[in-house]
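Trainee:
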Amino acid sequence: MSELYTASGSKVHAHKADIFCRDETRVDWHSKALWALREKRDRAAGSLPEWEQLRLLGSQLKLHTLSHLAQYLEQFEQQCISNGIKVHWAKDAQQHNEIVHGILAQHQVKKLVKSKSMLTEECHMNPYLERHGIEVVDTDLGERIIQLAHMPPSHIVVPAIHMKKEEVGELFHQQLGTKAGESDPLYLTRAARAHLREKFLSADAAMTGVNMAIADQGAIVVCTNEGNADMGANLPKLQLHSMGIDKVLPDMDSAGVLLRTLARNATGQPITTYSSFYRGPQDGGEMHVIIVDNGRTEMMKDKILAESLKCIRCGGCLNTCPVYRRSGGYSYNYTIPGPIGIAVGAKHDDTNSIPWACTLCGSCTYVCPTMVPLDKIIAHHRRLKAQAKTLPYGKGGYMPLVGRFMASETLMNTSMSAARLALRVLPGSLLKPFSGAWGKYRELPVAPESSFASWYNKNRRR
Amino acid sequence: MSSKQTILSALSQSALDNHAMPEIDVVANNDDLVGQFNASLQSVAATLHTDGGLASLQQAVDDLIKQNMQVISLIEGIKGNRSVPTTAHLLADIDYAVIPGDLGVAENGAIWVNQPSHRVTPFICENLILALSKDNIVANMHQAVKQVSLQQGDLGLFISGPSKTADIEQALVVGAHGACSLNVYLY
Amino acid sequence: MKIALFIPCLVNQMMPEVAIATLTLLEKLGHEVFFPAGQTCCGQPMTNSGCFDEAKNTTLKLLNAFKGVECDAIVCPAASCLVAAKENFHEFDGSKEAQDVINKLYELTEFLHDVAPIKSFKRPVAAKISLQMSCHGIRMLNLATPTEEMGKQRFNKVEAVLGNIAGLEIVYPARIDECCGFGGTFAVDEGAVSAKMGKDKAQAHAATGAKYAVGFDPSCLLHLDGMIRRQQLPIETRHIAQIINDAL
């Protein structure tokens, strides 16, 4: 799939998806791997009789927080400061990167270890720091794999899900010196453990993402299975944590709700191995929190789009999405793929195609632990693109024609009558080339002799 | 205008209606908390020891020391063969860390550990042992978050099982960057 | 009851047998059934792509075909078109008359489950059928609890309506309510993914060993039918109206 990422040419979703779909065995493998996560989620969610109540609570507490966001952000900042945590505000990605660099440069940091943070991906922080002479080591195993492979994550929770173990084995052999041909996940994980341990122990600073920021405590919560965020944050004396403004929660009770649904919905586990609440720096250490907007306040000006900010980044919508599973994380022309990727990324998609990488099936909406109305948001993005006259796939040209056609009974009846006749009379070999995408993959419909309306007129109309 | 002011003032243009904070009132399953806790621990690849309390923990520690393991204990009354070093990095060769747990959560096997010194101790050790009182097990996270202690300036965390990953072809591997095993002693 | 039929453009032009079966079964159940003239497309192909202006004319024409029409219910054998009609009528016409039409709109399964249940069937239908649980019906019309949703109160109106037909064995494909991939213009815009979704779904139905893949959404059935015949799978598509009609 790396050729899908690196290939130049069209970034339009359907074109990338078409390339992805050419290797059907691979698509089946990819789709099955993600569906397995959906199945695990179903088992975990189904084991709690109160699951739907938790989803509703998650939605309500998020809506409450978002509708009082300024107040909670200010409370969070005040509490952080009284805990000895330094707080910074960044209006956009550029400013975020500058602030982070500023802190690191001030401490003459040469090596930064970083745990998973989609926000830092969104801000393209790694290349920025590297341009300024700072080595950034991604320490989550999946993230390290794709870092070594010079690729971005293809999923927000399992970044290397598109890679086979043999491919990881080959990568580690080339870059970490593991045995050639060795692809046992246990062996490769142990090799990564040793390799990254050295990085943790020699790092000058650490950075983590933030799963939750608790306003009345002035604490940030980091959830991992691997322990990499905490190995990083607790060895060097300088720790940084970047968060979107949407990560703040009022109190510990709110965190309690989301800590019950996050991991269950992501991977089917009852909770991640570590849920760490940092309420201040280590002895003799420094702790910084960078609060980032980067388009979030803009989204909040639209009532429908604002609900995207309830997202807790569990990845459940990706796992269930039949289109994501068959097109892969590199086809969405944005940092985050899948349904939530369309929700938060559609405005940035210069191909204007990602809102149509969806059948509006609604599975994502029903899976979401905070009831983000993803299908409604995606449909809204389509409307926004239509209003802005930035429709893809030639729709701007043909939709007005279709509208006129559909509104005319006469036109519909005469042309469909001709179509039915053609379908019945003309050989398939003649018809298929004109039937476009439909006929490329399917047999053409068996055409009836006449419409229902004419049957009705003949047999029932008084 | 500072970025903070820019952001806060942009929020005043939010289109969201006012929503009240919901009442969080979820029914807890309080049946056989130790049994639930044990089942949860097993599901996250941890092992529970219920017999013999702290005495059997000390016995286990002594056995490990006999096998030349490096064992540090942060529990008063449990003695290892290593003491808290001057810098956290010196814990890199610890085979077993024995740390007190404040509270256990039956629904997911999580145990609250509060401000260990050094903070990295529960993560850097090759294997982790936690001990907690059987009277300090609650049913679920709603109860747990109301009871855990997190002082200003501190680190507190829930630990549920040993570290793990499934990042390579979704194959579960126990032991990623944190501890490779977790044994829990209930007293 | 006096029932007006809403027959969407796709069904009218390409799958009249579904409309005929719907009309026939409702007549057999003792209802007075008629088909108001002047029905145009509900506008879904346009509105699904955010093109509301382009849909206005056809949507309002369709609405007008039902405004003021004397009937107890308006029944439609196509879930996605029904959902679109309700949404689009509401979008373009806030009048009480429009709301009266919307209030009378029912998809066939929900009509036969909620409003006028079938007391008894007359003939057996000896066949194993694999149910096509289409997305609009499941997630937007509440015809059954979607698999994503948890909790004890699960329901399935489709199974309830068909369940009393003697000889019928109802089975489900793996990934019961995963989308079939038609998605309207999606089938053309995202041809490769649509085809792969359709192929997977068609194979899942065939793998049950069922004689028919039976659904309540003609668009899905048309798409699956095309895939089934391309893949030469030993299964055929039928609409629930046809199965019910055969049993009455």
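Residue numbers (my numbering), protein chains in the order written: chain A, 1 to 462; chain B, 463 to 649; chain C, 650 to 897. Cβ coordinates follow ideal geometry from the N, Cα and C atoms, glycine included.
#1: Between L897(C), V863(C), H680(C), which lies nearest to I884(C) when the distance is taken from Cα to Cα?
#2: Could you work out which residues of chain A lie near R581(B), taking near to mean beta carbons separated by less than 7 Å?
#3: For a cutoff of 8 Å on Cβ pairs, would you count Y324(A) as touching chain B?
#4: Name the chain C residues whose beta carbon is nearer than 9 Å to that of D42(A)?
#5: By Cβ distance, which residues of its chain are closer than 8 Å to C725(C), with the 5 residues on each side in sequence left out?
#6: Count the C-beta pairs between the stretch 572 to 584 of chain B and the stretch 544 to 559 of chain B that are closer than 8 Å, then say yes if the count reaches three, no if not.
#7: Smallest Cα separation from L309(A): which of L66(A), G394(A), L48(A)?
#8: Could you tell me the alpha carbon to alpha carbon distance between G812(C) and I819(C), rounded to whole angstroms?
#9: Chain B beta carbons: is any one of them nearer than 8 Å to that of W51(A)?
#10: With H, G and I counted as helix, E and B as strand and the rest as coil, what does DSSP make of L792(C)?
#11: For G832(C) and E130(A), what's the separation of their Cα atoms in angstroms?
#12: Going along the chain, which residues of its own chain have a beta-carbon closer than 6 Å to the beta-carbon of F835(C), five neighbours each way excluded?
#13: Flag S67(A) as yes if its beta-carbon sits less than 8 Å from any beta-carbon of chain B, otherwise no.
#14: What is the residue span of the beta strand (DSSP E) that T208(A) lies within?
#15: Quick one: list the residues of chain C neighbouring V137(A), beta-carbon separation under 7 Å, in chain order.
#16: Please name the residue in V425(A), M371(A), L201(A), F434(A) whose C-alpha comes closest to that of V446(A).
#17: Can you tell which of E24(A), A215(A), K165(A) has its C-alpha closest to the C-alpha of I146(A)?
#18: Determine, using beta-carbon pairs with one atom in the stretch 503 to 510 of chain B and one in the stretch 603 to 615 of chain B, whether at least three such pairs fall under 8 Å.
#19: Would H195(A) count as contacting chain B if we go by Cβ distances under 8 Å?
#20: Secondary structure at N413(A), three-state DSSP: helix, strand or coil?
#21: Alpha carbon to alpha carbon, how far is S47(A) from D375(A)? Give it in angstroms, no decimals.
#22: Between which residues of its own chain and N697(C) is the CB-CB distance below 6 Å, once the five residues before and five after are set aside?
#23: Just to confirm my understanding: we take C587(B), look at its own chain, exclude 5 residues before and 5 after, and list those with CB closer than 8 Å. What are they?
#24: Show which residues of chain C have a CB atom less than 8 Å away from the CB atom of Q447(A).
#25: Once you ignore the five residues that flank H422(B) on each side, which residues in its own chain have a CB closer than 6 Å to its CB?
#26: Give a yes or no on contact between the stretch 364 to 383 of chain A and the stretch 851 to 860 of chain C, applying the rule of three or more CB pairs nearer than 8 Å.
#27: Nearer than 7 Å: is that true of the beta carbon of A593(B) relative to any heavy atom of the ligand COA?
#28: Starting from the beta carbon of T332(A), find every residue of chain C whose beta carbon is closer than 8 Å, and list them in chain order.
#29: For H13(A), I'd like the list of residues in its chain whose CB is within less than 8 Å of its CB, leaving aside the five on either flank, ordered along the chain.
#30: Could you tell me whether any Cβ in chain A is nearer than 8 Å to the Cβ of Q480(B)?
#31: Could you pull out every residue in the same chain whose Cβ sits closer than 6 Å to the Cβ of A653(B), ignoring the five residues on either side in sequence?
#32: Span of the beta strand (DSSP E) holding G218(A)?
#33: Is the CB of S698(C) under 8 Å away from at least one CB in chain A?
#34: Go through its chain and collect everything with a Cβ distance to A93(A)'s Cβ below 6 Å, but skip five positions before and after it.
#35: Buried or exposed, going by whether 16 or more other CB atoms sit within 10 Å of the CB of Q282(A)?
#36: Since I believe I814(C) is in contact with V774(C) (beta carbons under 8 Å), could you give me their beta-carbon distance rounded to a whole number of angstroms?
Mentor: With the structure as the only source:
#1: As a working mapping, residue 884(C) is identified with position 235 in the third sequence. That would be V863(C), whose Cα lies nearest to the Cα of I884(C).
#2: For the purposes of this step, residue 581(B) is taken as residue 119 along the second sequence, with counting starting at 1. What R581(B) touches in chain A: N234, Q282.
#3: As a working note, residue 324(A) is residue 324 in the first sequence. Not one chain B Cβ lies under 8 Å of Y324(A).
#4: Locating residue 42(A) in the first sequence gives position 42, where the first residue counts as 1. Result: T796, E797, M799.
#5: Sequence index remark: in the third sequence, residue 725(C) carries index 76 (1-based). Cβ within range, chain order: L654, F655, I656, P657, L731, A734, L754, Y755, E756, L757.
#6: yes
#7: Mapped onto the first sequence, residue 309(A) falls at position 309. Comparing Cα positions, the closest option is L66(A).
#8: In the third sequence, the residue the question calls residue 812(C) occupies position 163. In the third sequence, the residue the question calls residue 819(C) occupies position 170. Going by the C-alpha atoms only, they are around 8 Å apart.
#9: Locating residue 51(A) in the first sequence gives position 51, counting from the first residue. It does not: the Cβ of W51(A) has no partner Cβ on chain B nearer than 8 Å.
#10: Locating residue 792(C) in the third sequence gives position 143, counting from the first residue. Note: L792(C) maps to coil in three-state DSSP.
#11: Counted from its first residue, the third sequence places residue 832(C) at position 183. Counted from its first residue, the first sequence places residue 130(A) at position 130. Rounded to whole angstroms, G832(C) to E130(A) spans 44 Å at the Cα level.
#12: In the third sequence, the residue the question calls residue 835(C) occupies position 186. Taken in chain order, the residues that qualify are S843.
#13: For the purposes of this step, residue 67(A) is taken as the residue at position 67 of the first sequence. Answer yes: the Cβ-Cβ gap between S67(A) and chain B drops below 8 Å somewhere.
#14: As a first step, residue 208(A) is located in the first sequence; it is residue number 208 there, counting from the start. T208(A) -> beta strand (DSSP E) spans 205 to 208.
#15: Counting from one through the first sequence, the residue named residue 137(A) turns up at place 137. What V137(A) touches in chain C: nothing, since even the nearest Cβ is about 36 Å away.
#16: The sequence position of residue 446(A) within the first sequence is 446, counting from 1. V446(A) has its Cα closest to that of V425(A), out of V425(A), M371(A), L201(A), F434(A).
#17: For this step, residue 146(A) is matched to residue 146 along the first sequence. Here the closest residue by C-alpha is K165(A).
#18: no
#19: The count along the first sequence starts at 1 and reaches residue 195(A) at position 195. Chain B contact via Cβ: absent.
#20: If you number the first sequence from 1, residue 413(A) lands on position 413. In this structure, N413(A) counts as helix in the three-state DSSP scheme.
#21: Taking the first sequence and counting its residues from 1, one reaches residue 375(A) at position 375. Taking the first sequence and counting its residues from 1, one reaches residue 47(A) at position 47. One C-alpha to the other measures close to 26 Å.
#22: In the third sequence, counting from the first residue as 1, residue 697(C) sits at position 48. Result list for N697(C): G833, in chain order.
#23: In the second sequence, residue 587(B) corresponds to position 125, counting from 1. Same-chain partners within the cutoff: I534, L553, I556, D557, Y558, A559, A641.
#24: One-based indexing of the first sequence puts residue 447(A) at position 447. In the sequence on display, residue 447(A) carries Ala and not Gln. M663, listed in chain order.
#25: Any answer about residue 422(B) is impossible in this case: the structure gives chain B only from 463 up to 649.
#26: no
#27: Among the components of this structure there are no ligands whatsoever, and the ligand COA is therefore not found.
#28: Taking the first sequence and counting its residues from 1, one reaches residue 332(A) at position 332. In the sequence as displayed, the identity of residue 332(A) is Tyr instead of Thr. None at all; the shortest Cβ gap to chain C is about 12 Å.
#29: Mapped onto the first sequence, residue 13(A) falls at position 13. The residues are S327, S331, Y332, N333, T351, S353, I354, W356, A357.
#30: Within the second sequence, numbered from 1, the residue matching residue 480(B) stands at position 18. Here the sequence assigns Asn to residue 480(B), which means Gln is not the residue at that position. Yes, its Cβ sits closer than 8 Å to a Cβ of chain A.
#31: With chain B covering only 463 through 649, there is no way to say anything about residue 653(B).
#32: In the first sequence, residue 218(A) corresponds to position 218, counting from 1. Per DSSP, G218(A) belongs to no beta strand (DSSP E) and is neither H nor E.
#33: Along the third sequence, read from residue 1 onward, the residue named residue 698(C) stands at position 49. It does: the Cβ of S698(C) has a partner Cβ on chain A nearer than 8 Å.
#34: To locate residue 93(A), count along the first sequence from 1; it is residue 93. Here the set comprises C123, N294.
#35: Translated into the one-based positions of the first sequence, residue 282(A) becomes position 282. So Q282(A) counts as buried.
#36: For the purposes of this step, residue 774(C) is taken as residue 125 along the third sequence, with counting starting at 1. For the purposes of this step, residue 814(C) is taken as residue 165 along the third sequence, with counting starting at 1. Rounded, the Cβ-Cβ distance is 5 Å, consistent with contact.
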